[in-house]
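Just so you know, we're using the working numbering here: the sequence shown kicks off at 43 and counts up by one. In this text, a Cβ means the ideal position worked out from N, Cα and C, and glycines have one as well. In this text, all values refer to a predicted model and were calculated from it rather than measured experimentally. Each remark here refers to the structure printed beneath this line.
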Amino acid sequence: MKINRINHLGIVPKDASLAKQFFTGILGLPYEGGEVVDDQQVTVDFIRCENSRLELLQATSTDSSIAKFLATRGAGIQHVALDVDDLDSWVNHLKKNQIRLIDEKPKKGAHNTRIVFIHPHSTGGILVELVEEKQNKN
């Protein structure tokens, strides 16, 4: 088991259109499209940055975690996502070490990934997501 790389940074902008224009138009980073993830109540815009991505997150519901984040903390980086090969092994490892998870088992994420969030109480206040991309799964 190892962490392969930073998969993405989840960013909650105050103005998603302005943020998208800045990253793609001004900085010239490639836009990879968008997706609605109903389970997470979020719309995601994907912006490529070498072997990682920036994900601009917009709430689709006022009671989503993204809406609550924006209301309480303001715009900013909401989470860091780390790429792993075997998410189930990581979940077992975290539970064995009494690390608190947001959900007890992996969920479906954007781009047909499997994800699990680690509670900030176990990480020193940082929301961490582990991501298993489809091509990594046997």
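Could you pull the DSSP bridge partners for E97 from this structure?
G52, F88
Kindly indicate which three-state DSSP category N178 falls into: helix, strand or coil?
The pLDDT assigned to N178 is 48, lower than 50, so where the model puts this residue is not dependable, and the model offers no usable value.
Excluding the 5 residues preceding and the 5 following G84 in the sequence, name in chain order all residues of the same chain whose CB lies nearer than 7 Å to its CB.
The question names Gly, but residue 84 in the sequence shown is Val. Same-chain partners within the cutoff: L99, Q100, A101, T102, S106, I108.
Please report how far the alpha carbon of L136 lies from the alpha carbon of R156, in whole angstroms.
16 Å
Distance CB(M43)-CB(D128) smaller than 8 Å:
yes
Return helix, strand or coil for R156, following the three-state DSSP convention.
strand
Could you compute how far the alpha carbon of N178 sits from the alpha carbon of N49?
Low local confidence applies: a pLDDT of 48 at N178 is under 50, so the model's placement there is unreliable, and no value is given.
Please report the straight-line C-alpha distance between G52 and F88, rounded to a whole angstrom.
10 Å
Express the C-alpha separation of E175 and L169 in angstroms, rounding to a whole number.
19 Å
Tell me which residues share the same chain as A58 and place their Cβ nearer than 6 Å to its Cβ, disregarding the 5 neighbours each side in the sequence.
L98, Q100
D130 to K110, Cα distance in whole Å?
29 Å
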